[in-house]
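Notes to accompany the following structure.
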């Protein structure tokens with residue numbers, strides 16, 4: 001048989017060859033398989049058409065563990081029949097679950113909503129042709145809020161702001177951003193420059 005002998009034994013196990021077609025030493029192995037099958041059957045050795053098929057039948061006959069049977073039961077689709085009452089109760093339960101799961105609006109911080117304080121900004125720059133003030137209250141718009149120039153060279157703007165801390169700078173001639181030299185506090189803007197800080201209280205600020 002040569003190099004095809006192992007394949008012949010496999011074909012015998014699959015029922016494609018008879019034992020008589022095998023070489024002597026493979027016949028002995030086939031008889032050993034027959035004895036194994038016979039011991040599994042607890043009866044006379046009887047070779048089925050496919051030895052592998054018989055072994056797999058034996059394996060399938062072993063009861064599955066309880067957890068696998070439970071999973072199979074839960075995973076198997078089943079038709080669900082609900083009475084009108086049951087359907088109404090199920091819908092009500094679903095709505096209740098959705099209402100509980102929906103995010104609830106969060107109460108914001110207690111602030112004086114609607115309260116505005118007239119706040120005056122003053123910047124001395126007599127050589128500028130135009131000056132504006134910008135900050136968080138103006139979304140840091142480079143155009144800012146235009147300021148008026150007085151006869152004394154001061155640029156003035158009056159803005160209604162809510163109470164709290166406000167960061168701001170002056171924009172000179174549309175290009176130069178300058179902090180307020182008269183501000184009580186300055187902070188880094190994260191780009192190497194400074195922002196001025198203004199605390200607006202319930203009274204007029206300047």
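In the working numbering, the protein residues as written are 1 to 206.
Beta carbons are placed, not taken as given, at the ideal position from N, Cα and C, and that holds for glycine.
Asked, Found
"Length-filtered (3 minimum) beta strand (DSSP E) runs lying within the region 149-205", "154-161, 164-172, 176-178, 185-188, 194-200"
"Nonlocal neighbours in the same chain, by C-beta distance under 6 Å from residue 126, ignoring five residues either side", "153"
"Start-to-end residues for the beta strand (DSSP E) that takes in residue 144", "From DSSP, residue 144 is part of no beta strand (DSSP E); its letter is neither H nor E."
"Coil, strand or helix - residue 116 by DSSP", "coil"
"Bridge-paired residues (DSSP) for residue 135", "168"
"Pairwise C-alpha distance: residue 34 and residue 45", "In this predicted model, residue 45 has a pLDDT of only 48, less than 50, meaning its place in the structure is not dependable enough to derive any value."
"Top-ranked residue by Cα proximity to residue 186, from 139, 192, 196, 18", "196"
"Residue 158 versus residue 178 - alpha carbon distance", "18 Å"
"Proximity winner among 165, 173, 68, 21, relative to residue 135 (alpha-carbon distances)", "165"
"Member of 77, 169, 24 whose CA lies at the smallest distance from the CA of residue 141", "169"
"Identity of the residue in 194, 174, 188, 23 nearest residue 143 by Cα", "174"
"Opposing strand residues paired with residue 121 [DSSP bridges]", "157"
"With 16 other Cβ atoms within 10 Å as the buried cut-off, status of residue 192", "exposed"
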